[in-house]
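A.B. asks: For the sequence shown, this note's numbering assigns the number 7 to the initial residue and increments by one for each residue that follows.
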Amino acid sequence: MWDDHTIPTNSDILINFIRLIRSECFPEHHGPLLVHCSAGVGRSGTFIALDRLLQQFDKSSLYDYLDIYGTIFNMRQCRDKMVQNEHQYLFIYRCLKEEYEKTSGKTNYATIVDEPV
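Next up, the structure:
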């Protein structure tokens with residue numbers, strides 16, 4: 007879907023793919039989904055983090071706190087280097103920001119996405 011050590015060119019395609027897998031392949035959430043890229047940390051970590059956070063986003067209200075850092079930190083406790091680089095980390099923030107904007111219709115709020123990490 008995208009090259010190693012990079013991010014997808016289009017966030018909507020990945021988000022729609024994740025949502026399609028959740029709705030069509032795992033509608034009843036029977037067991038875990040297996041995801042693996044070449045090393046199992048960069049693209050896989052980005053996909054898994056985004057999947058976990060989108061599920062939290064979908065189950066919460068627009069004003070609930072999504073702990074992106076904590077989610078990735080927790081993943082790294084289980085497997086080192088999940089979400090391999092800064093670009094992938096910021097991509098997750100951007101995806102969730104775009105989902106928030108689509109869902110809420112709001113774009114005039116303070117954001118961490120555009121600030122350096």
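The C-beta atom is built at its ideal place from N, Cα and C for all residues, glycine as well.
1) If you draw a straight line from the alpha carbon of Tyr106 to that of Gln62, how long is it in whole angstroms?
2) Pick out whichever of Leu40, Ser110, Leu72, Ile13 has its Cα sitting closest to the Cα of Ile27.
3) Quick check on the burial criterion: 16 or more other C-beta atoms within 10 angstroms. Buried or exposed for Phe53?
4) Within 10 angstroms of its Cβ, does Ile98 collect 16 or more other Cβ (buried), or is it exposed?
5) For Ile13 and Gln94, which I take to be in contact (beta-carbon distance under 8 Å), what is that distance rounded to the nearest angstrom?
6) Using the beta-carbon count (16 or more within 10 Å), is Thr109 buried or exposed?
7) Buried or exposed: which applies to Asp57, given that a residue is buried once 16 or more other Cβ atoms fall within 10 Å of its Cβ?
8) Which class does His93 belong to by DSSP, given the choice of helix, strand or coil?
9) Quick check on Ala55: does DSSP put it in helix, strand or coil?
C.D. replies: Here's the rundown:
1) Taking the straight line from one Cα to the other gives about 12 Å.
2) Per the Cα distances, Leu40.
3) Its Cβ being crowded by 16 or more others within 10 Å, Phe53 is buried.
4) Burial of Ile98 is indicated by the presence of at least 16 other C-beta atoms within 10 angstroms of its C-beta.
5) The beta-carbon distance between Ile13 and Gln94, rounded to whole angstroms, is 6 Å. This is short enough to meet the 8 Å contact definition.
6) Burial check for Thr109: the Cβ neighbour count within 10 Å stays below 16, so the residue is exposed.
7) Burial call: buried.
8) Looking at His93 - three-state DSSP - the assignment turns out to be helix.
9) Of the three classes helix, strand and coil, the one that applies to Ala55 here is helix, per DSSP.
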